[in-house]
Structure formats: C-alpha cells, structure tokens
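2 protein chains.
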Amino acid sequence: MKLSEGVEWTAHACLLLSILPPGVGLSAKALAEFHDLAPAYMAKHLQALKRAGIVETSKGPGGGYRLARDAAEVSLLDIVGAIDGNEAMFRCSEIRRKGPCISKQASFRAPCHIASAFGRADNAWRAELAATTIAQIAKRTAENSSETNRDDLVQWLSMKLGEPFTLSVRS
Amino acid sequence: MKLSEGVEWTAHACLLLSILPPGVGLSAKALAEFHDLAPAYMAKHLQALKRAGIVETSKGPGGGYRLARDAAEVSLLDIVGAIDGNEAMFRCSEIRRKGPCISKQASFRAPCHIASAFGRADNAWRAELAATTIAQIAKRTAENSSETNRDDLVQWLSMKLGEPFTLSVRS
DNA sequence: GTACCCCTACTCGGATAGCGAGTGTCCGAGTCGGAATGG
DNA sequence: CCATTCCGACTCGGACACTCGCTATCCGAGTAGGGGTAC
Chain S
29 MKLSEGVEWT AHACLLLSIL PPGVGLSAKA LAEFHDLAPA YMAKHLQALK RAGIVETSKG
89 PGGGYRLARD AAEVSLLDIV GAIDGNEAMF RCSEIRRKGP CISKQASFRA PCHIASAFGR
149 ADNAWRAELA ATTIAQIAKR TAENSSETNR DDLVQWLSMK LGEPFTLSVR S
Chain P
29 MKLSEGVEWT AHACLLLSIL PPGVGLSAKA LAEFHDLAPA YMAKHLQALK RAGIVETSKG
89 PGGGYRLARD AAEVSLLDIV GAIDGNEAMF RCSEIRRKGP CISKQASFRA PCHIASAFGR
149 ADNAWRAELA ATTIAQIAKR TAENSSETNR DDLVQWLSMK LGEPFTLSVR S
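Sequences listed follow chains S and P, in order. Using this note's numbering, the first residue of the first sequence is number 29, and each one after it goes up by one. Using this note's numbering, the first residue of the second sequence is number 29, and each one after it goes up by one.
#1: Can you give me the Cβ contacts of P/GLN183 inside the same chain, cut-off strictly under 8 Å, excluding the 5 residues immediately before and after it?
#2: Taking 7 Å as the threshold (C-beta atoms), are S/SER131 and P/ASP180 in contact?
#3: For P/GLY88 and P/GLY53, which I take to be in contact (beta-carbon distance under 8 Å), what is that distance rounded to the nearest angstrom?
#4: Determine the chain S residues that contact P/THR194 at a beta-carbon separation under 9 Å, and present them in chain order.
#5: In whole angstroms, what separates the C-alpha of P/SER199 from that of P/SER173?
#6: Are the CB atoms of S/GLU156 and P/ALA149 within a distance shorter than 7 Å?
#7: Which residues does DSSP list as the beta-bridge partners of S/GLY92?
#8: To which residues does DSSP link S/LEU54 through a beta bridge?
#9: Measure the beta-carbon distance from P/LEU59 to P/ALA39 and round it to whole angstroms, keeping in mind my assumption that it falls under 8 Å.
#10: Determine, using beta carbons only, whether P/ASP106 and P/ILE82 come nearer to each other than 7 Å.
#11: For the alpha helix (DSSP H) containing S/ARG124, list its first residue and its last residue.
#12: Using a Cβ-Cβ distance cut-off of 7 Å, determine whether P/MET187 contacts chain S.
#13: Exposed or buried, what is P/LYS188 when buried is set at 16 or more other beta-carbons lying within 10 Å of its beta-carbon?
#14: Count the other C-beta atoms from every protein chain shown that fall within 10 angstroms of the C-beta of S/ALA76, then say buried if there are 16 or more, exposed otherwise.
#15: What separation, rounded to the nearest whole angstrom, lies between the Cα atoms of S/THR169 and S/MET70?
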C-alpha cells in the first residue's frame, strides 16, 4: 500500500516543465539533475508519462520532454495512473463465494459490502487527486517562493536552455 | 499501490466473528476453512490483528480468536492499519531541497504543495474507511442474504462450535 | 464414589523459505546541428 | 561567399540485472480438557 517513488519524481518534473515557454523542453538528464536524482531511472519514469500522453518528446540535440497539454489539464491522478497504473487498491476476489457452507442454491446478487466500502474510499482518494492540477500547484508554489529561490531557478534554466529565461505566470 | 491480500481475508474473518455470541471464538483453521483460504497464512494475518488489539486469543482446545471489542468499534481503517501499517501512501522525501540550484540561503518554510495534495487525498481515503465499521457491514450483509445462505451458515457454525447456534442481530 | 494426576490433542506464535513487483542500470536506435569541403 | 555533404554528439527508448517486501509454510510453546488411577 505504498505509492511508487516515481510518482514524486515525475510530479516535481511536471511542475518544472510547466513553467517553461510553450514548445521548449528539458532532457531527462537535466530533469534528474535538477532534483539530484538517478538520471537513468528518471528517464524510465518519464517514458511512462509519455505512454500516458502527459508529455511529448523530441530526439537529438536540443530535444527532451515537454508537457503535451496545458498544466491546468494535468492532474495528480493522471500522473499516478501513468506511473502506478489505474487499478483499485482493493481488489475483491469474492472469497465470500468460496468455502464449505456455500451451496449451489446460494445467491449473491447484492455486491460485497466490504468491496463496496473500499470502492467508496478509493473514489474519494481519486477525486481529491483529480481535482488537483499541476497548474494549481505551480501557482501556490510560486506564491510561497522567496526572491532568492526564483533567481537561482531562472539562472539555472537559462544555462540549461542556452537562452535567456524569464519567469512568467501561465494559466 | 496495492493493498495486501490479507486485508480482504481478515475483514471477512472479522465479519464472521462479529456474529458469534460474546466470549465465543473460532480457530484460525476454521476461519480459513470458511472461505477456503490457506490456514497458515490466515493465522499469520490474525496474529497481526491481535497485535493491533482488534481480536483476543485463547489457546488450547475450544480456544481461538474472538473480537476484542464490539463490532461497532472496529472500522475498516483499523484492519488496514493492522495488516498494512498506518504509513501514508505518499511519503515526501523533500527532493525539492536537493539539486544544484538550491543555495544555502534558500528557505522552505511553506510545505511542499505536492505532498500536501497527497496528504489531503490520503485523509479522504482514511476518513471513508474510518466511518465504516464491521457492525455496519454485518447489518447490510444480513439484510441482503437469502434464507438458504443463512441456514447453511447456522448449520456450519453449530458444527464448528460444537453447540447449537442461532443468528441474532447485535448492535 | 471422588479427587488427583498425567497425557493427549488442539491452539496460538514466531522463525523460516520462495517469488514477484518495483528499483536501478546499461547500451542501441534515431535525429538534429554544425563543421568541413568543394564549387 | 554559399550550398552540400558528412560526421559527431546528443537524446530517447527498450532490454537487462538486482533488491526488498509480500506470500506461503512449517514446527515449537503453551494450555484446556478428558481419561485413568489411586485412595
């Protein structure tokens, strides 16, 4: 019952990608370096994001990963689904139908109430994640960041992109 | 991000224990047999329930497992905590503090908004499970069970307990 | 007949193997950009 | 000076080992109850 480590990695990666100008991307190596993570492993997770249609890729020099759609259209649930899959945490194997005291005349038209309860909990969890987008997180993070941190970020991105970079608020 | 199989096993086991008269228990072997499960593995999970204080045990002939408190005081969250632990699914490792563009003057007084969002989702999930008790599930299951199923259950329990057993609604 | 004792069967409880998903890494396929070259 | 070609470096993408936690099992510790025996 533990979320994959890659969820945290890719969520932060998407957060970084969301502040780039449209059409501009960053390589897996750069995205890993930014948070001091293993480059190869980060690349593996980013491939999962691409398979899910969250990011697009370009090969060759100057290529890399960029968001495939607006940051307001990328939810945390999308990222979780891309990395860990969309299966429910609780998977009912209908053990109530097994056992010695189940006769052939037994009927189970009603759903298993244990599975139903876990299903409701799962829906509540997913609803909360679906309601949180990368754009929202980026906005809140920007509002709480210090001047120093912003300057360092701008300088680092300018170096990595090979062109002057300025922070701009995107919807 | 998958719940342990033992959660389903022990939830159904608690459901069965909840309809027994006070002070009466069932052995791990019988609880496993009832749903056609591996006895040794079921015993392992039941030990986890005991460590969590959900069930009590008695050794020797006639002994076994019984609920340590009223079924209305046992929630699905208690069971999940006993089997899978109480740690949050998302564990923030604060990677935002790592990396080359974090200077010594950087300040992170505000919490990580990604971790906050996952924390809210976790709380929603746990709240739903905490609000569902074994007693509620037993009540709903009883209301939806057929006459045949109830008779088979009564007969099986009478045999296992070695004394006549009758179904009674408990709060 | 009664009280005591022992013994057996039954139960829990922790210690011990096996396996699969997640973790971590590497090398090949493809592509863009620029340098070199010839006109 | 300009167009073309070729080469190199950079990037993604999938294929390949490794580790840890869940799965699964077994055997020893402890106990209640019943049968046997002595009084």
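Backbone N, C-alpha and C define an ideal beta-carbon position, used for all residues, glycine too. All figures in this text were calculated on a predicted structure; none of them were measured in a lab.
So, from the listed chains and residues:
#1: Nothing listed; no residue qualifies.
#2: Contact flag set, yes.
#3: Approximately 12 Å separates the beta-carbon atoms of P/GLY88 and P/GLY53; this is outside 8 Å, ruling out the contact.
#4: Neighbours of P/THR194 on chain S: none; closest Cβ ~16 Å, over 9 Å.
#5: Only weak support exists for where P/SER199 lies, its pLDDT of 46 falling under 50; the value from the coordinates is given anyway. Pairing P/SER199 with P/SER173, the inter-Cα distance amounts to about 18 Å.
#6: Yes, Cβ-Cβ distance for P/ALA149 and S/GLU156 is below 7 Å.
#7: Under DSSP, S/GLY92 shares a beta bridge with S/SER86.
#8: By DSSP's assignment, S/LEU54 forms a beta bridge with S/TYR93.
#9: Rounded to whole angstroms, the Cβ separation of P/LEU59 and P/ALA39 is 12 Å, and the two are not in contact under 8 Å.
#10: Contact: yes.
#11: From DSSP, S/ARG124 is part of no alpha helix (DSSP H); its letter is neither H nor E.
#12: It does not: the Cβ of P/MET187 has no partner Cβ on chain S nearer than 7 Å.
#13: P/LYS188 sits buried, since 16 or more C-beta atoms from the chains shown fall within 10 Å of its C-beta.
#14: Counting the other CB atoms within 10 Å of its CB gives S/ALA76 a total of 16 or more, which places it among the buried residues.
#15: Roughly 22 Å between the two C-alpha positions.
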